[in-house]
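Undergrad: If you scroll down you'll find the structure; I have some questions about it.
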Amino acid sequence: MKIFDAHCDLLYKLWREPDIDVFSDERLQVSISKLQERNNNIQCFAVFIPEDIPFINRMEVALQQINLFYQRILKKFPEIKLIKTKSDINLLSNHEMGAILTLEGCDAIGDQLNNLQILYHLGVRSVGLTWNFANLVADGAHEKRNGGLTNFGRMVIRYLNEQRLWTDLSHACERSFWEALDIAEYPIASHSNAYSICKHVRNLKDEQIVALLKNNGMIGVTFVPYFTSNRSNPTISDVLKQVEYICSLGGETQLGFGSDFDGIEVTITGLENYSGYETLINELQKLYSEELVHKFMYRNFFEHMSY
Ligand SMILES: [Zn+2]
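For the sequence shown, my numbering begins at 79 and goes up steadily by one.
See below:
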């Protein structure tokens with residue numbers, strides 16, 4: 079069973095702790111050795127700029143993280159291929175896997191479409207409008223004023239539509255979500271869960287999920303414990319509840335996973351790192367057909383690749 083994981087923060091961790099051994103460091107939740115336990119996995123690698131970096135330096139940090147991606151991952155492990163289009167995946171041979179570069183929040187681009195174009199040329203294929211706060215594109219989920227898209231944000235989405243890139247609505251505040259969904263042709267929520275199951279501002283309310291599904295979007299169920307359940311110490315059964323609930327809203331063919339590994343300090347019991355996917359797959363297989371589990375794990379995100 080192949081895995082398509084729509085979100086991890088390995089690049090940010092590498093950037094913060096340069097001495098990390100990307101192949102098998104214990105500090106990593108997604109290491110190359112774990113990714114390579116199965117053939118043909120697809121992993122999205124997010125560029126994430128922490129909020130304490132001054133705006134003027136954010137593009138530079140984005141470029142540093144992309145440089146790490148090329149130097150420390152693609153160059154060192156030739157069996158990991160940069161995926162720029164769906165057909166790149168079809169070209170993978172048995173022992174290879176795919177890496178997709180994504181942007182978690184448009185903070186790095188400031189108000190310059192040029193910067194986004196540069197990131198696109200370097201391989202970025204999915205663009206989150208915001209992280210938790212406001213930037214020059216839109217407001218994020220923790221921005222209390224709940225503002226929507228700026229005019230520049232609309233330009234950004236138009237550009238993403240033209241290039242057939244994913245507009246990632248995870249982290250957007252509600253108003254940004256609705257305004258972006260109106261115009262984004264390829265919307266996804268790479269790592270968000272259902273609010274009805276777990277009341278957290280980062281999760282999606284039923285009407286948001288239904289609208290995203292109606293717009294042919296994808297939802298990546300995420301393993302952040304406090305987005306998964308309001309109970310303390312959630313387990314894999316709480317992830318299964320998220321899956322079941324999103325399916326009940328019509329999400330069977332538009333549901334995948336976006337782990338957020340290496341972006342989380344606390345983890346779900348049984349899903350402490352990438353190897354936990356093994357247990358998750360086993361549990362899913364008890365509840366769903368082999369075909370459906372394959373869709374959740376891989377096929378749905380693959381089918382929804384617009385680029
Ligand atoms: Zn995130």
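Each residue gets a CB set at the ideal place from its N, CA and C atoms; glycine is no exception. In this text, all values refer to a predicted model and were calculated from it rather than measured experimentally.
When a residue counts only if its C-beta is closer than 7 angstroms to some heavy atom of ligand 1, which residues count, in chain order?
TA: So the residues near ligand 1 by this Cβ test are His85, Glu182, Trp209, Ser248, His249, His269, Asp338, Gly341.
Undergrad: State the Cα-Cα distance for the pair Gln195 and Leu160, rounded to the nearest angstrom.
TA: Taking the first residue of the sequence shown as 1, we reach residue 195 at position 117. Taking the first residue of the sequence shown as 1, we reach residue 160 at position 82. Roughly 18 angstroms between the two C-alpha positions.
Undergrad: Say whether the region 79-99 touches the region 120-131, bearing in mind that this needs 3 or more beta-carbon pairs closer than 8 angstroms, one atom from each stretch.
TA: Counting Cβ pairs under 8 angstroms, three or more are found: they touch.
Undergrad: Hey, how far is the Cα of Ala289 from the Cα of Asn168?
TA: In the sequence shown, counting from the first residue as 1, residue 289 sits at position 211. In the sequence shown, counting from the first residue as 1, residue 168 sits at position 90. If you take the alpha carbons of Ala289 and Asn168, they lie about 30 angstroms apart.
Undergrad: Are at least three pairs of beta-carbons, each pair with one atom in the region 306-314 and one in the region 271-279, less than 8 angstroms apart?
TA: Yes: the two stretches touch, three or more of their Cβ pairs being nearer than 8 angstroms.
Undergrad: Among the residues of its own chain, which have a CB less than 7 angstroms from the CB of Ser254, if the five just before and after it don't count?
TA: Here residue 254 is taken as the residue at index 176 of the sequence shown, counted from 1. Here the set comprises Leu207, Thr208, Ala216, Asp217, Gly226, Leu227.
Undergrad: Could you give the first and the last residue of the continuous beta strand (DSSP E) run that contains Glu182?
TA: Here residue 182 refers to the residue found at position 104 of the sequence shown. Start and end: 175-182.
Undergrad: With distance defined between alpha-carbon atoms, name the residue in Asn293, Lys292, His249, Asn294 nearest to Asn281.
TA: The residue given as residue 281 occupies position 203 in the sequence shown. It is His249.
Undergrad: Quick check: what's the CA-CA separation for Ala140 versus Leu349?
TA: Against the sequence shown, residue 140 aligns to sequence position 62. Against the sequence shown, residue 349 aligns to sequence position 271. Approximately 28 angstroms, taken between the alpha carbons.
Undergrad: Express the C-alpha separation of His199 and Ile38 in angstroms, rounding to a whole number.
TA: Here the chain has residues from 79 to 385 only, and residue 38 is not among them.
Undergrad: According to DSSP, which residues form a beta bridge with Gln121?
TA: In the sequence shown, counting from the first residue as 1, residue 121 sits at position 43. Note: Gln121 sits in a beta bridge opposite Asp83, Ala177.
Undergrad: In three-state DSSP terms, what is Gly225?
TA: As a working note, residue 225 is residue 147 in the sequence shown. It is coil, neither helix nor strand.
Undergrad: How would you call Arg223, buried or exposed, if buried means at least 16 neighbouring beta carbons within 10 angstroms?
TA: The sequence position of residue 223 within the sequence shown is 145, counting from 1. Flag for Arg223 reads exposed.
Undergrad: When you compare only the Cα positions, how much space is there between Val205 and Leu181?
TA: Mapped onto the sequence shown, residue 205 falls at position 127. Mapped onto the sequence shown, residue 181 falls at position 103. C-alpha separation (whole angstroms): 5 angstroms.
Undergrad: Where does Trp244 fall in DSSP's three states?
TA: Position 166 of the sequence shown, counting from 1, holds the residue named residue 244. Note: Trp244 maps to strand in three-state DSSP.
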